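Take a look at the structure set out below.
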Amino acid sequence: MNLNYNRIIELLEGQPEQYVSGEALSRELNISRTAVWKQMKKLESQGYRIEASRRLGYRLMGKPSKLTLPELLVKLEGTTLVRSIKLLDSVDSTQNIAQQMAEEGAPEGTLVIADQQTNGRGRLGRSWVSPAGKGVWMSLVLRPGIPLQFAPQLTLLTAVALCRALKSVVPLEIGIKWPNDLLIGGKKISGILLESTAEDERLRYVIAGVGVSVNLEPEDYPKELLDVATSLLIAGGEHIDRGAVVAAFIRQLEHLYAVYQREGFGPIRTLWEALSVTLHKPTKLYAPTEVFEGTPIGLDERGALLVEKADGSVVPVFSAEMRFPEANSGG
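The sequence shown begins at 357 in our numbering and counts up one residue at a time.
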């Protein structure tokens, strides 16, 4: 952050709850009023909440909350899954950092968290809006040692863990859209991306990437996403402690991961089906080799989505883009 940003923050903090005119800021910083406006927009992108008035000037309404290692360690007390935490300010993608660390031998339970992602990514190569101080952007190294064909089960397990975690933090109706998007009122609240590397048909490691839109405001989203995306703040009207979201997810994941390793996929399948907003709704599926319509009826023992076609046949689907007739069914 350059000297202008620091000085602007000092000036705004020096008059709490009051406006500082654009003229005063322009004079103090020796820059134009337009340059002052651009600096304010940059501060907003860093998580500062600034109220602007053409007549009165600018007022500081809130500062970005920073995740800290001591805070996270306190919140994670009693858990055993996370062995180390790498906390970063801004990265292109936590997936990239975690993958590099895994290749260098990082053990299972290595957690990478960033305050901001400049090139966060989701499924199917999509980008993910990840502004500073407003969400949870993290990737966890797992080394399950299971056969490669069971990798989809871990994606579903992660979705269940995150859904249960968010429902424990906020009193909102949250459900899973197959395979792992979480929705509130048909709008996407989070994204999950699992990327794996295998050797001799067994998983060497899995990078479980999770992005949760916690305290994003409408202006943080491109206009074209407002119909399909939301945040916990927008949906619930209250700012949420991001550290609490991280801790709730890790606790749920640790519990379900242990259940999975002990009892297999059966219990996870039952939980996923109970939390799903996908089942028993007619949909169109865009699979790699075909496009067809059908009604999802459940998961099979491998983790594939079972879809009943119009002719009564049931087919397993491992990978497809799902679109419901409703306009706001999410992405």
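Note that the Cβ used here is the ideal one computed from N, Cα and C, for glycine as well.
As the structure is a computational prediction, the values presented were derived from the model and not from experiment.
Between which two residues does the alpha helix (DSSP H) containing Ser524 stretch?
507-525
Confirm, please, whether the CB-CB distance from Gly599 to Glu427 is below 8 Å.
yes
With Lys544 as the anchor, note down where its beta strand (DSSP E) starts and where it stops.
543-555
Nearest-angstrom Cα separation, counted from Ile453 out to Asp537:
23 Å
Cα-Cα separation between Thr435 and Asp656, rounded to whole angstroms:
31 Å
Counterpart residues of Gly531 in DSSP-defined beta bridges
Leu539
Contacts around Ser495, its chain only, beta-carbon distance under 6 Å, and the 5 residues preceding and following it disregarded
Thr450, Gln451, Ala454, Val468, Ile563, Gly565
Whose C-beta lies closer than 7 Å to the C-beta of Ile606 among residues of the same chain, with five residues either side of it excluded?
Leu432, Thr435, Leu437, Val438
Helix, strand or coil: which one does DSSP assign to Ala683?
Note that Ala683 scores a pLDDT of 39, beneath 50, so its modelled location is shaky and nothing firm can be said.
Distance check for Ala507 and Leu589, CA to CA, integer angstroms please.
32 Å
Buried or exposed, going by whether 16 or more other CB atoms sit within 10 Å of the CB of Val497?
buried
Cα-Cα separation, Pro500 to His595:
35 Å
Quick check: the Cα distance between Ser587 and Gly542, rounded to an integer number of angstroms?
12 Å
Closest to Ser377 by CA distance: which of Lys398, Asn362, Ile406, Glu400 is it?
Ile406
Pairing CB atoms from the segment 623-635 with CB atoms from the segment 654-669, are three or more of them under 8 Å?
yes
Residue burial classification, Tyr414 (beta-carbon count within 10 angstroms, cutoff 16):
buried
Measure the alpha-carbon distance for Thr424 versus Trp493 and round it to whole angstroms.
14 Å
Inter-residue Cα distance where the pair is Thr651 and Leu512:
19 Å
Helix or strand or just coil, what does DSSP make of Gly668?
coil
Anticipated Cβ contact below 8 Å, Ile364 with Leu381, distance rounded:
7 Å
Looking only at its own chain, which residues have a Cβ that is under 7 Å from the Cβ of Met417, when we skip the five neighbours before and after it?
Arg405, Ile406, Glu407
Buried or exposed for Gly668, going by 16 or more other Cβ atoms inside 10 Å?
exposed
Out of Gln617, Lys544, Val516, state which residue places its alpha-carbon closest to the alpha-carbon of Glu629.
Val516
Buried or exposed: where does Tyr561 fall if 16 or more other Cβ atoms within 10 Å of its Cβ makes it buried?
buried
Local Cβ density within 10 Å of Asn362, reported as buried at 16 or more and exposed below that:
exposed
Asp597 to Val570, Cα distance in whole Å?
8 Å
As an exercise, report each continuous alpha helix (DSSP H) stretch of at least 4 residues that is fully enclosed by the segment 415-497, in chain order.
425-431, 450-459
In three-state DSSP terms, what is Gly620?
coil
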